[in-house]
Amino acid sequence: MIRHQQIWAALDQIAEDHGLTPSGLARLAQLDPTTFNRSKRTTAQGKARWPSTESISKVLSVTDVSFREFSELVDGNGAGRIPVIGFAQAGNRGFFDDAGYPVGGSWEDITFPALHDPTAYGLRISGESMAPVFRDGDLIIVSPASNIRPKDRVVVKTHEGEVMAKELVRRGALGVELKSLNPDFEDRFIPAEEIDWVARILWCSQ
Numbered sequence: 022m023i024r025h026q027q028i029w030a031a032l033d034q035i036a037e038d039h040g041l042t043p044s045g046l047a048r049l050a051q052l053d054p055t056t057f058n059r060s061k062r063t064t065a066q067g068k069a070r071w072p073s074t075e076s077i078s079k080v081l082s083v084t085d086v087s088f089r090e091f092s093e094l095v096d097g098n099g100a101g102r103i104p105v106i107g108f109a110q111a112g113n114r115g116f117f118d119d120a121g122y123p124v125g126g127s128w129e130d131i132t133f134p135a136l137h138d139p140t141a142y143g144l145r146i147s148g149e150s151m152a153p154v155f156r157d158g159d160l161i162i163v164s165p166a167s168n169i170r171p172k173d174r175v176v177v178k179t180h181e182g183e184v185m186a187k188e189l190v191r192r193g194a195l196g197v198e199l200k201s202l203n204p205d206f207e208d209r210f211i212p213a214e215e216i217d218w219v220a221r222i223l224w225c226s227q
């Protein structure tokens, strides 16, 4: 039997995947900002309350999450172990295929909550070049299968083995325009012919 908290947890996960609070997710779906607030999850008598099917439908529409993916978040089918390597290792050959998916047997495995991308993996940040957004020791979860939009935080790998985490400004036929997460570092434009792959950052543990 599906419980109320499973539905709410799935909505919270979608919000987190998109870098939003529950209120931000409600606004994105053009709902009342308080729709997913903690106070709305129970009645005045303390009884658990379900989110409306209309509000769930609007969230799935604006976030491009399919009903199947939502169902997997609800029942936890995506839970399990994900591969992780250090950020510095990501530039080395043998860790990714041509599409940016993890390959090889040199990855560490960690247990992680349900994700709607079974190909997601983790990178451990080293150094402070991405501070204050990502700091040394942080774990970022990267999704090579997720759609990427402007203002998403992404990891980009070049054919030369350079790996960087930045905010996507624009992506076109000529290449990608990137905004640095650290104001001490310059923004970048990477020509398309130099790009190995681009993948979206879903989450960061800090």
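First residue of the sequence shown: 22, per the working numbering; consecutive thereafter. For each residue, glycine too, the CB sits at the ideal point set by N, CA and C.
Same chain, Cβ closer than 8 angstroms to residue i, neighbours up to 5 away in sequence not counted
{"i": "residue 32", "result": "43, 46, 57, 72, 77 and 80"}
{"i": "residue 9", "result": "Residue 9 lies beyond the residue range present for the chain, which begins at 22 and ends at 227; the question has no answer from this structure."}
{"i": "residue 114", "result": "182"}
Own chain partners of residue i with C-beta closer than 6 angstroms, once the 5 adjacent residues on each side are dropped
{"i": "residue 139", "result": "none"}
{"i": "residue 29", "result": "62"}
{"i": "residue 173", "result": "189 and 221"}
Reference residue i; option with closest CA among the options
{"i": "residue 121", "options": "184, 155 and 82", "result": "184"}
{"i": "residue 131", "options": "160, 192, 67 and 206", "result": "160"}
{"i": "residue 165", "options": "113, 219 and 124", "result": "219"}
{"i": "residue 199", "options": "190, 55 and 142", "result": "190"}
{"i": "residue 170", "options": "127, 187, 207 and 149", "result": "187"}
{"i": "residue 49", "options": "154, 83, 152 and 174", "result": "83"}
{"i": "residue 154", "options": "206, 142, 127 and 68", "result": "206"}
{"i": "residue 24", "options": "197, 96 and 36", "result": "96"}
{"i": "residue 85", "options": "75, 119, 168 and 126", "result": "168"}
{"i": "residue 193", "options": "209, 141, 204 and 213", "result": "213"}
{"i": "residue 38", "options": "91, 67 and 55", "result": "91"}
{"i": "residue 204", "options": "67, 55, 150 and 196", "result": "150"}
Residue i vs residue j beta-carbon contact at 8 angstroms
{"i": "residue 116", "j": "residue 103", "result": "no"}
{"i": "residue 177", "j": "residue 222", "result": "no"}
{"i": "residue 182", "j": "residue 112", "result": "yes"}
Below-8 angstroms beta-carbon distance, residue i vs any chain B residue
{"i": "residue 105", "result": "Within the model displayed, chain B is absent; a lone protein chain is all it includes."}
Cross-strand partners of residue i (DSSP beta bridge)
{"i": "residue 69", "result": "63"}
beta-carbon residue i near the ligand NAD non-hydrogen atom, thresh 7 angstroms
{"i": "residue 24", "result": "In the structure on display, the ligand NAD does not appear, and there are no ligands present to speak of."}
Other residues of its chain near residue i: CB distance less than 7 angstroms, five sequence neighbours each side excluded
{"i": "residue 147", "result": "107, 108, 109 and 157"}
{"i": "residue 226", "result": "159 and 160"}
{"i": "residue 53", "result": "47"}
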